[in-house]
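Please read the structure below before turning to the comments.
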DNA sequence: GTCTATAGTGTGATAGAC
DNA sequence: GTCTATCACACTATAGAC
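Now the structure itself:
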């Protein structure tokens, strides 16, 4: 015992993310988080102002990286190559953040709406979507492009009953996402 | 006033579905539902044994129809035509149920896990997925097939800032879903 | 940096009158 | 079939000691 020193804040984040992702933000109480860490609720309030503040801290880095990606994308020409590179870089960010955040966002979409950080994330995803879509393409092609980011998420949770590695899931997700943003081989009308 | 007679149960379902879909199952209290209907919480408990019981009643019909669809699918040959017809029939069921249920399931995935009805729905979706997938196809093609049901959902909520009708969204969703289950034009290895 | 203690509110659910 | 009243409990958050 007593093996932890100044890492309490990080440990709170880790446990909170795990529980939020596993059983939802609303259903996870501060008492539960505190018990899992063998501290008290009041200790949590020393490190974070509110419950929502824990979530904000969780998404902080990710949001910053998303901003950078979108800024980069807006400086590039709106070509198919740019869109494919956007998918690759977005996938890198997603997987670098670990499965926890992905799953949190995936399972708490309803909750995220009223959290301020949820609005931020939503606006970033819209920015990304606008970069991935060719507004002149047919609606079906636009839909396919819009689905590319979802694909990366779904790929990670689908086939949980298959005997394959996460790396294989990841590769499949990226491959399909790239195909989705590449448009059908259609002739110009 | 006094315009309602024996429709209280149905009115509870309607309001509950709306609120659950809008702000989440956990965040919606029975008090809120009751107030919206100008009845008391106790009145709710006359019609439904528990809060979860309201959700169960909401998904009851839908689950039955899904069972029929899967039973039908299992009787058909595992061809591309069958898979496409499955997508069409599933889409019909989805849209016939109205947007509320779709949105509920979409925004409360985390919550659905511990609800008994969530487990049921999940097993049905797995059954449907197995019918849509060709287990001999490359993993990327399997992923595309697995995404077809998601597509129908996403199509309905994406482009909420576009000036298009729900019917156009629906048509685009079905078109893309059909393409996803049809596999790439790949040669047999 | 972490504790005890508690305020203050809201929840799902029940009992029993009408 | 709907009501009033209430129970028992959990929650977020705060105050103040150590």
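Chains as they are written, first to last, in the numbering used here: chain A, 1 to 189; chain B, 1 to 189.
The beta-carbon is built from N, C-alpha and C at its ideal position, and this holds for glycine as well.
Proximal chain B residues relative to residue 168 of chain A, where beta-carbon distance stays under 9 Å: Numbered from its first residue, the first chain carries residue 168 of chain A at position 168. Listed along the chain, the chain B residues whose CB falls inside 9 Å of the CB of residue 168 of chain A are 139.
Closest to residue 166 of chain A by C-alpha separation, out of B:177, B:139, B:181, B:176, would be which residue? Translated into the one-based positions of the first chain, residue 166 of chain A becomes position 166. Looking from the CA of residue 166 of chain A, the closest CA among B:177, B:139, B:181, B:176 belongs to B:139.
In terms of alpha-carbon separation, which member of A:168, A:135, A:179 lies closest to residue 149 of chain A? Residue numbering aside, residue 149 of chain A sits at position 149 when the first chain is read from its first letter. Selected option, being the one with the closest Cα: A:179.
What residues in its chain sit with their C-beta under 8 Å from that of residue 19 of chain B, if we drop five residues either side in the sequence? For the purposes of this step, residue 19 of chain B is identified with residue 19 of the second chain, where counting begins at 1. Correct list, in chain order: 28, 32, 33, 36.
Can you give me the Cβ contacts of residue 30 of chain A inside the same chain, cut-off strictly under 7 Å, excluding the 5 residues immediately before and after it? Residue 30 of chain A sits at position 30 when you count from the first residue of the first chain. Taken in chain order, the residues that qualify are 41, 44, 51.
Exposure label - residue 141 of chain A; buried when at least 16 CB within 10 Å: One-based indexing of the first chain puts residue 141 of chain A at position 141. Residue 141 of chain A is buried by the Cβ-count criterion.
Who are the near neighbours of residue 83 of chain A in its chain, counting only those whose CB is closer than 6 Å to its CB and skipping five residues on each side? Within the first chain, residue 83 of chain A is the residue found at index 83, counting from 1. So the qualifying residues of the chain are 132, 181.
Does the stretch 112-123 of chain A come within contact of the stretch 145-164 of chain B, defined as at least 3 CB pairs closer than 8 Å? Three or more beta-carbon pairs separated by less than 8 Å are not found between the stretch 112-123 of chain A and the stretch 145-164 of chain B, which leaves the two stretches without contact.
So with CB distances below 7 Å, who are the chain B contacts of residue 151 of chain A? By 1-based counting over the first chain, the position of residue 151 of chain A is 151. Neighbours of residue 151 of chain A on chain B, chain order: 147.
Would you mind sorting residue 107 of chain A into buried or exposed? The rule is 16 or more other CB atoms within 10 Å of its CB. In the first chain, counting from the first residue as 1, residue 107 of chain A sits at position 107. That one is buried.
Fully enclosed by the stretch 21-49 of chain A, which alpha helix (DSSP H) runs are 4 residues long or longer? Runs found: 30-36, 41-47.
Give the straight-line distance between the Cα atoms of residue 56 of chain A and residue 26 of chain B, rounded to the nearest whole angstrom. What you label residue 56 of chain A is simply residue 56 of the first chain in a count that begins at 1. What you label residue 26 of chain B is simply residue 26 of the second chain in a count that begins at 1. Straight-line Cα distance between these residues: approximately 20 Å.
So, is the C-beta of residue 154 of chain A closer than 8 Å to a C-beta in chain B? Position 154 of the first chain holds residue 154 of chain A. Yes, contact with chain B.
Taking a contact to mean a Cβ-Cβ separation below 8 Å, would you say residue 17 of chain B touches residue 58 of chain B in this structure? Working through the second chain from its first residue, we reach residue 17 of chain B at position 17. Working through the second chain from its first residue, we reach residue 58 of chain B at position 58. Their beta carbons are under 8 Å apart, which means residue 17 of chain B touches residue 58 of chain B by this criterion.
Per-residue contacts from residue 173 of chain B into chain A (C-beta, under 8 Å): If you number the second chain from 1, residue 173 of chain B lands on position 173. Per Cβ cutoff of 8 Å: 143.
Short-range partners of chain A found in the stretch 24-36 of chain B, where Cβ spacing is below 7 Å: 24, 26, 27
Compile a chain-ordered list of the residues in the stretch 101-116 of chain B whose CB is closer than 8 Å to at least one CB of chain A. 106, 107, 108, 109, 110, 111, 113, 114
How would you write the range of the alpha helix (DSSP H) that residue 166 of chain B sits in, first residue to last? Against the second chain, residue 166 of chain B aligns to sequence position 166. Start and end: 166-181.
How would you label residue 90 of chain B, buried or exposed, when you count the other beta carbons within 10 angstroms and need 16 or more for buried? For the purposes of this step, residue 90 of chain B is taken as the residue at position 90 of the second chain. Around the beta carbon of residue 90 of chain B, 16 or more other beta carbons lie within 10 angstroms, which makes this residue buried.
Check whether residue 70 of chain B and residue 6 of chain B have beta carbons under 8 Å apart: Counted from its first residue, the second chain places residue 70 of chain B at position 70. Counted from its first residue, the second chain places residue 6 of chain B at position 6. No, the pair does not count as a contact, with Cβ atoms beyond the cut-off.
Using 8 Å for Cβ pairs, my map puts residue 129 of chain A next to residue 146 of chain A. What's the rounded Cβ distance? Sequence index remark: in the first chain, residue 129 of chain A carries index 129 (1-based). Sequence index remark: in the first chain, residue 146 of chain A carries index 146 (1-based). Between residue 146 of chain A and residue 129 of chain A the Cβ distance is about 5 Å, and since that is below 8 Å, they are a contact.
Short-range partners of chain B found in the stretch 44-75 of chain A, where Cβ spacing is below 9 Å: none
Between B:24, B:9, B:13, which has its C-alpha nearest residue 113 of chain A's C-alpha? Position 113 of the first chain, counting from 1, holds the residue named residue 113 of chain A. Checking every option, the nearest Cα to that of residue 113 of chain A belongs to B:24.
In chain order, what residues of the same chain have a beta carbon less than 8 Å from the beta carbon of residue 67 of chain B, not counting five sequence neighbours either side? Here residue 67 of chain B refers to the residue found at position 67 when the second chain is read from its first residue. Within the same chain, residue 67 of chain B has close Cβ partners 124.
Hey, is residue 176 of chain A's beta-carbon within less than 8 Å of any beta-carbon in chain B? Counted from its first residue, the first chain places residue 176 of chain A at position 176. Yes, residue 176 of chain A lies at the interface with chain B (some Cβ there is under 8 Å from its Cβ).
Using a Cβ-Cβ distance under 8 Å, would residue 16 of chain B count as near chain A? Mapped onto the second chain, residue 16 of chain B falls at position 16. No, residue 16 of chain B does not count as interfacial toward chain A.
Below-8 Å beta-carbon distance, residue 158 of chain A vs any chain B residue: Along the first chain, one-based indexing puts residue 158 of chain A at 158. For residue 158 of chain A, the answer is yes, since a Cβ of chain B falls inside 8 Å of its Cβ.
Option nearest residue 137 of chain A by Cα separation, candidates A:92, A:78, A:65: Residue mapping note: residue 137 of chain A aligns to position 137 of the first chain, counting from 1. Comparing Cα positions, the closest option is A:78.
May I have a chain-ordered list of the alpha helix (DSSP H) segments no shorter than 4 residues that lie completely inside the stretch 127-166 of chain A? Runs of alpha helix (DSSP H) with 4 or more residues, each lying fully within the stretch 127-166 of chain A, are found at 139-157, listed in chain order.
Look up residue 189 of chain A in the DSSP assignment and say whether it is helix, strand or coil. On the first chain, residue 189 of chain A is found 189 positions in, with the first residue counted as 1. Bear in mind that a pLDDT of 41 at residue 189 of chain A, under 50, signals an unreliable position, so the model cannot answer this.
Alpha carbon to alpha carbon, how far is residue 100 of chain A from residue 9 of chain B? Give it in angstroms, no decimals. Numbered from 1 along the second chain, position 9 holds the residue referred to as residue 9 of chain B. Numbered from 1 along the first chain, position 100 holds the residue referred to as residue 100 of chain A. Each residue's alpha carbon lies about 40 Å from the other.
Around the C-beta of residue 154 of chain A, are 16 or more other C-beta atoms found within 10 angstroms, so that it is buried, or is it exposed? If you number the first chain from 1, residue 154 of chain A lands on position 154. When all chains shown are included, residue 154 of chain A counts as buried.
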